[in-house]
Amino acid sequence: MGDIDGDSDIDAVGKIWGQGLVTLINQGTGELLPSWKLEDQQTTIGDIALAGFDQDGDLDALICNGFRETGSYPCRLLWNDGNGQFTESGLNLPSTMGAHIAVGDLDLDGDLDVVVTNMGRLNQIWLYEDARFIDSGLRLGIESEMSGRPTLGDLDGDGDLDLIIGRFRGGAEIWFNLTKHPENP
694 MGDIDGDSDI DAVGKIWGQG LVTLINQGTG ELLPSWKLED QQTTIGDIAL AGFDQDGDLD
754 ALICNGFRET GSYPCRLLWN DGNGQFTESG LNLPSTMGAH IAVGDLDLDG DLDVVVTNMG
814 RLNQIWLYED ARFIDSGLRL GIESEMSGRP TLGDLDGDGD LDLIIGRFRG GAEIWFNLTK
874 HPENP
């Protein structure tokens, strides 16, 4: 949920089983009306994150694959035109399985990076650099483990985002970010 049409009220972006991704625009009274739909037979939509990747003042949408057992279905970044209408950016993250995502500036460079957790695959961190996603090379967790939703926050009070990943079999993993601040190397 977030303001996707620039009118300062909260709108919704969600998935409707069998229909794909939809935007519901708040009419200012709390009434949500459908505005846009991505009918997509290639992707079972798993997680959706709204964030300003292109830094143009609106919220873009990153959508990741749900629980498809076969095929190659990437996480896809959709640009928002500022009115709640989305178009393909052409920037995709590789195939995922049951992915959950968290978005935040992990490398302290001023743009938004992505944590992707997977079912039965290692979790990954993607850095957004020069208008493209770059594989950080980090693989977190145990490949056979089913990871849950990642959460970002400054757990140790050092000014950068740390990571908590829940596990479906109980417990959680905590990963501390050791990125050095540019003003305090």
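Residue numbers 694 to 878, in my numbering, belong to the letters of the sequence shown in order. Built from N, CA and C at the ideal position, the CB exists for glycine as well.
Can you find the residues in the same chain that come closer than 6 Å, C-beta to C-beta, to residue i, ignoring five residues on each side of it along the sequence?
i	result
Ser840	Thr810, Asn816, Gly834, Ile858
Val796	Ala742, Ala744, Leu805, Val807
Leu731	Gly713, Leu714
Gly702	Here residue 702 turns out to be Asp, not Gly, going by the sequence shown. Result list for Asp702: Asn719, Gly721, in chain order.
If contacts are defined as beta-carbon pairs under 8 Å, then residue i and residue j qualify, I think. What distance do you get, rounded to the angstrom?
i	j	result
Asp798	Leu770	Not confirmed; about 16 Å, so no contact.
Thr872	Asp855	That pair is no contact at about 10 Å.
How would you label residue i, buried or exposed, when you count the other beta carbons within 10 angstroms and need 16 or more for buried?
i	result
Gly850	exposed
Trp710	exposed
Pro878	Since pLDDT at Pro878 reaches only 48, below the 50 mark, its modelled position is unreliable, and the value read off the structure follows with that caveat. With fewer than 16 other Cβ atoms within 10 Å, it is exposed.
Which residues bound the beta strand (DSSP E) around residue i?
i	result
Ser701	Careful: Ser701 lies outside any beta strand (DSSP E) and carries neither H nor E.
Asn758	753-758
Thr872	That residue, Thr872, is in no beta strand (DSSP E); it is neither H nor E in DSSP.
Ignore the nearest five residues each way along the sequence and tell me which others in residue i's own chain have a CB closer than 7 Å to its CB.
i	result
Asp698	Asp704, Ile718, Asn776, Gly777
Quick one: what does DSSP say residue i is sitting in, helix, strand or coil?
i	result
Gly723	coil
Asn776	coil
Ile835	coil
Gly750	coil
Met812	strand
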